[in-house]
Structure formats: C-alpha cells, structure tokens
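Numbering (our numbering), first residue to last: 1468 to 2178.
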C-alpha cells in the first residue's frame, strides 16, 4: 500500500416495508468481513473507514454488527452524504474503496430527455426505500463518481448487490430484475441540481461530444456511470461486480450457518490466500473459479483497469491464461475456463502453474500438464498426463493435491496448422523490370535470403518450404531498393519502415513481422456464418444522422468522418456477449471499449440496440492516399475473452501473454505464441482434430472500410 486509503462500506440486511425488496441476511456480515480485512491486514485506521449498515431487528448481538454508534443507517441521505464526505476528505492521488452489499434495482427513469420515454434508471436501493422512495440512481452515481475522479482520486468499487430478494442478490451493473418500479417518486435529487446531473451524464455518455483519436483509430465516446475515470482520471477506475446484468448473485450459508454474498466471501478468501501484491485480474480469476464451480449462473465481472495492483495505483501487465475452475483429484482431472467459444479441441495440452503466477517462462514452476478430453459449451475437462513417460498413481495424487481453483493454465500444444509456411526466393534476374534487380543488389540477394533462412531456423512458428511443397503463406525476396519484400501473391504494402537486406538486424525483424502478419491475417479469416447466433446479431454502419450506409462491398468514408456502429440483438430472450475488434491499416488490432468499458465483452440484452460513435482517419497522409480498415464484431453465448487478440503497431514489442486462444476451427491459426515461449516450436498431438462445428455458440460479422485522404 503506497497511498492512503479511504473506505466506504455499505451493508443492508433490513429494508423498511416496501413493494419490491425483502430483507437479506448476509450483507452486514459481509461488511464486517471486509472491515476486518482492511483494519487487520491493510492496517487502515478505523477513522478512515466509514460504515453504513442496517442489521435485521432479530440480530441481537449489535456490538458485533453495528460496533456501537460508529455506523449510520444506509438511508438515501446518508449514502449521498457519505460519498460527498469521502470526496471532500480524500486528497489528490489517494485511494477510495467503496463496497456495497444490498439490493440493486430498476425504476422508471426520471430523465426521459436523456434516456427516452419508458426507459429505466438503475441504482442502489437504500434501506429507507419504503418511506423515502428514492434510489441512488445511475444518473446521480455518475456525478458522485465523477467528482471523485475529477479530484484525482483512485477509485475502486465492489458491488455485491441484488434486485431479486430472498436468497439471491442482484446484478453487476444494477441493471436487471424481473420487476421494474413504476412508482413515480420524488424527482428531487440530493446529489446535485437536475441540470448538473444531466450535463454530467451527457458528458460521460458522449451525447454531445465529437472529437478524433488519430492514427486511424475509431473514437468511442460512449461511457456509463460505471467508468467515469476513463475520461477523468489517468489512474483508472475499477469495478468488481457480482455478476452479469442478466444474472443474480448468490448469498448462501458458506459454513452451513453464516450467510455471505458469494462475491464478498470469496474475494476476502482470495485476498487472504494470494496477498495484495497482485492485479485485479488475478483476483478476479480466482473469485470466478470459486463462484462458477458452485453457481454456474453467476459470472463476476471486472470492468476498468484490470491490470492495476490491488489497493495501489501501479499497473502490472500480466499474461492472459485459462483458469482452473475445479479440481477432481480422484479422476486426476481439472475443469478449465476454455470451451467451444474459445475453440478448444480434444488433445490440446495445458501447463498449470501455481495460484497467482504471472511469469510462465520458467518451466520449473509448472505444477502439472493436462490434456483436454472433453469440450463443453464454455468449459473443458482435461486429465493429468506425463510430460515424459508414464506417471504413477501415487505421483498423480501428489500432483493433483498441488492444483488449486483459480490457478492459471497455459496452452502448450496445438495443431501443426499453426506453422506458417514461407518460401524464400533468391533467383531474381538482372534488369529494369519491377520483378528484376539492379546488378549490385542481384549479386547479394542469395546472401541476403540466406540470412533470413538462418533466422527462420531459430523460430518455432515460421518454416521454410521448398518449391516442391504446397503453396506457402508468404514469399520473401529482395526488392529493387535492396529492401526485403513480403508477398502474398503481390508485395504487402505499408510495411514501414523498410527492412534493408544489408542490415544485420533485418532478418530477425523480418521474422517478427511475419509472425505479426500471420496473427493479423488469421483474425481476418475468422468466420462462423453457420452459427445459430448469426441471425441474432445485426451489424450496421450509420452516417452522422444515424441513417444506414449502403453495405455492398467496402464502405468508403471521408477522412475524419463521424459515423455510428449499430449493434442490435434481434433475439427475444438470448443475451449476446459482444466484442468489437478494429483491424487497423497500421497492422494493429485494438478492441473498442463499448459503453466506455474496458472489459472482455459487453452484454447486449434481448432487443437491445447499441450505437457507438466512431471517427476514422488515414494514419499518415504522406504515405497513404487511402487506408483499409476492418471492424470485426464477435458474439458469443458464453464467456469469451478476445483481449488476447490485440496486436500493437507493427515492429512494436508484444507484451507477453498466455495463450487462451482460439475460436472453434480457427483455434490453430490463432495460437501465435504458446506459454510465453514463442521461440519454441509447437508440439502437436494426434488427438487434435479440426472439424467444423455449425452449432458453435459464437459468430462474427465484419465491415470493410476504406478511408480516403482525398475524397
């Protein structure tokens, strides 16, 4: 802990009589659990921890529940005042930690001019909802959080909230519920005047904002009250939420007696196990494993700066990996978070590392190697195998005892289709034609190509093939200026700067470019038009007036032109998990932060339409007269993380990431680096069979764009 932490803990068991929200059992106990951790482990003084709790009347041991007179009732006024007080006391660069346990609700909006008639506001449900009839609405929460991030505070928010009452707690984004409160309560807000609330909402949702990002990247100006810091704080904002909008978060008797929210209990358990010197992503992986193994219908969500260290402002870039959901020691097998949507196949092997591991280069740290034997919709079963020879039952038992839920699992083996075939050509003739060389360069082409051959020999993912083999993916030769050329029939343009064949470092750089291009083009090729989901997803590009743009072939746009990407879920019941990748002309692959959220995906509700404003620009007008760009939209039923498909600009170093790779058939094509050790050749297993699956629970659609510098 490098900076001071201020905490606001809200736990509501007892709700005054009302129409929608029954009292709960474990919320105050959750807050006590969090409070104990903050004080005993992080050594945060009690004076810096503000508590609002509402125990049930039958809870007689009030000394352990309310801690004397320190707690206030979590009424609407007290919650709003607590946010204001926290914002006033905390100083620039200090941290604010907010933990809410209670109901979340949906109510007919009081701001139809912002959201439309008949739409809903979402928010926290205070204990006095039955008398005050006021929610802490999303429009109000936007202003409360914006004030914090405007001041330069580092904000972390945990929502273990509910809308359904009884034994379950609500949803991650305060969005869901079988009932919507249609009672027209007071329109007066205790947060700010109505105009200020609406202005802040418009600002953070981009309703009246237009600007560009340059370098050909699209602009995403839509944000939500969940992530104001994406616009107002360089330090970032993190939300750990109990579940997805369409789900409920469970509260259950963990030890057979005491009720806890699943999110809060396993979060504190994970902190006690892993310590605090980890990222939110690592914490989220273990919490997900613990909860998903018990409640398959509850998937905790992590939004915002996932690589930020816990209770700190520093960022740690960790590799992506699959996660061990469950361990079956008797059968010597594990359950992994990789299934059909991730393109798993029988025979794929994973190396399992200790819980909390972030560096997968040290093979001595491996706990076990497992091989996938059965693939499910979003999970895989993998059995323990020996890396060399047989493994005894006793050794297998000992190995399985070391594997914990939440441990990272990194792909080791995949299909030989991963290897990219390259033909090297050094027989160009002397002459003035485009495919001929000047005499001085022609004399050196054999030596230059031989240097590339040597570089390829030390790479596990690029292999040289002769003229007798099937056509290669790429052809490499020397150009008329002495530069290396990469061709796929014709030379690939925009590979800048040129790599000169007389530069000793160029051959290795060339191989790195080939690997980069292989991954970029493999993403381009992803397609699953036979999927059951294809009809559910509608993708359109709209002009600045939100009128459809004709989509016959490539779409021509002016440089800097503003357009809208419209995503529509046609399904009446099916939620779609959506991710949008931008394949840029600079050979970069980025992911659009839908609704301003840096998350694995955005959950598009049945019949929901999402409009995202974009602006495209030619990267460099001196080099480009026009630039081709592709927007690739993915939709899945289950959890799928597409962030590992991101690529930096050409020639920039790729951050080390694990290989939770692939979607259905193209799984083999996407595994560009395996286990953090890309210099090693991929191993293959005979059990891997690539077979098209027309019922795969994912689909993708794409838009081809041409951005012209001069229209």
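Where is the CB? At the ideal position from N, CA and C, for every residue including glycine.
Here's a check: name, in chain order, each residue in its chain whose Cβ is nearer than 6 Å to the Cβ of residue i, leaving out the five neighbours to either side.
i: residue 1753; result: 1737, 1873
i: residue 2173; result: 2021, 2023, 2093, 2095
i: residue 1940; result: 1887, 1888
i: residue 1539; result: 1519, 1545
Go ahead and pull the three-state DSSP assignment for residue i.
i: residue 1768; result: strand
i: residue 1627; result: strand
i: residue 1569; result: strand
i: residue 1684; result: Confidence is the limiting factor: at residue 1684 the pLDDT is only 35, short of 50, which leaves the residue's position unreliable, though a coordinate-based value still follows. Residue 1684 falls in the coil class under three-state DSSP.
i: residue 2015; result: strand
i: residue 1607; result: helix
i: residue 2129; result: Model confidence at residue 2129 stands at a pLDDT of 27, short of 50, so the residue's coordinates are unreliable; what they give is reported in the following sentence. Coil at residue 2129, not helix or strand.
i: residue 1752; result: helix
i: residue 1494; result: helix
i: residue 1988; result: helix
i: residue 1958; result: strand
i: residue 1708; result: strand
i: residue 1963; result: coil
i: residue 2083; result: coil
i: residue 1923; result: helix
i: residue 1597; result: helix
i: residue 1736; result: helix
i: residue 2054; result: coil
i: residue 2028; result: coil
i: residue 1975; result: helix
i: residue 1507; result: helix
i: residue 1587; result: strand
i: residue 1658; result: coil
On the DSSP bridge list, what partners appear for residue i?
i: residue 1875; result: 1790
i: residue 2078; result: 2033
i: residue 1564; result: 1474, 1623
i: residue 2044; result: 2070, 2103
i: residue 2023; result: 2173
i: residue 1520; result: 1478
i: residue 2005; result: 2035
i: residue 1800; result: 1795, 1850
i: residue 1890; result: 1942
i: residue 1746; result: 1776
i: residue 1668; result: Answer by DSSP bridge pairing: none, since residue 1668 is not bridged.
i: residue 2049; result: 2057, 2098
i: residue 2168; result: 2100
Might you give, ordered along the chain, the residues of its own chain that have their beta carbon closer than 8 Å to the beta carbon of residue i, omitting 5 neighbours on each side?
i: residue 1665; result: 1578, 1580, 1581, 1606
i: residue 2179; result: With the chain represented from 1468 up to 2178, any question about residue 2179 goes unanswered, as that position is not in the structure.
i: residue 1423; result: Here the chain covers residues 1468 to 2178 and nothing more, so residue 1423 does not appear.
Assign residue i to one of two classes, buried (16 or more other C-beta atoms within 10 Å of its C-beta) or exposed (fewer than that).
i: residue 2055; result: buried
i: residue 1589; result: buried
i: residue 2049; result: buried
i: residue 2081; result: buried
i: residue 1510; result: exposed
i: residue 1724; result: exposed
i: residue 1473; result: buried
i: residue 1650; result: exposed
i: residue 1609; result: buried
i: residue 1662; result: exposed
i: residue 1866; result: buried
i: residue 1912; result: buried
i: residue 1824; result: buried
i: residue 1720; result: exposed
Less than 7 Å between C-beta atoms, sequence neighbours within five positions excluded: which residues of the same chain meet that for residue i?
i: residue 2200; result: It is not possible to answer for residue 2200, since the shown part of the chain is limited to 1468 through 2178.
i: residue 2037; result: 2002, 2003, 2005
i: residue 1760; result: 1792, 1793, 1872
i: residue 1685; result: Confidence at residue 1685 is low in this model, with a pLDDT of 37, below 50, so the placement of that residue should be treated as unreliable; the coordinate-derived value is given next. For residue 1685, where only same-chain residues beyond five positions count, the Cβ hits under 7 Å are 2049, 2059, 2081, 2082, 2083.
i: residue 1656; result: 1607, 1664
Check the Cβ-Cβ distances between residue i and every residue of chain D, and say whether any is below 8 Å.
i: residue 1888; result: The structure shown contains no chain D; it holds only a single protein chain.
Do residue i and the ligand NAD come close, with the Cβ less than 7 Å from some heavy atom?
i: residue 1474; result: The ligand NAD is not among the ligands present in this structure, which contains no ligands whatsoever.
Quick one: any contact between the segment 1482 to 1494 and the segment 1601 to 1614, if contact means 3 or more CB pairs under 8 Å? no
Counting beta carbon pairs with one atom in the segment 2036 to 2054 and one in the segment 2062 to 2076, are three or more of them shorter than 8 Å? yes
Stretch-stretch touch, CB-based, cutoff 8 Å, three pairs: the segment 1726 to 1737 with the segment 1746 to 1763: yes
Specify whether the segment 1765 to 1781 and the segment 1707 to 1716 touch according to this definition: at least 3 beta carbon pairs, one from each stretch, less than 8 Å apart. yes
Does the segment 1613 to 1623 come close enough to the segment 1563 to 1572 that 3 or more CB-CB pairs lie under 8 Å? yes
Does the segment 1960 to 1968 come into contact with the segment 1897 to 1907, if we say contact requires no fewer than three beta-carbon pairs (one atom in each stretch) closer than 8 Å? no
Would you check if the segment 1826 to 1838 and the segment 1890 to 1902 touch, i.e. whether three or more CB-CB distances between them fall below 8 Å? no
State whether the segment 1498 to 1514 contacts the segment 1544 to 1560, with contact taken as three or more CB pairs (one from each stretch) at a distance under 8 Å. no
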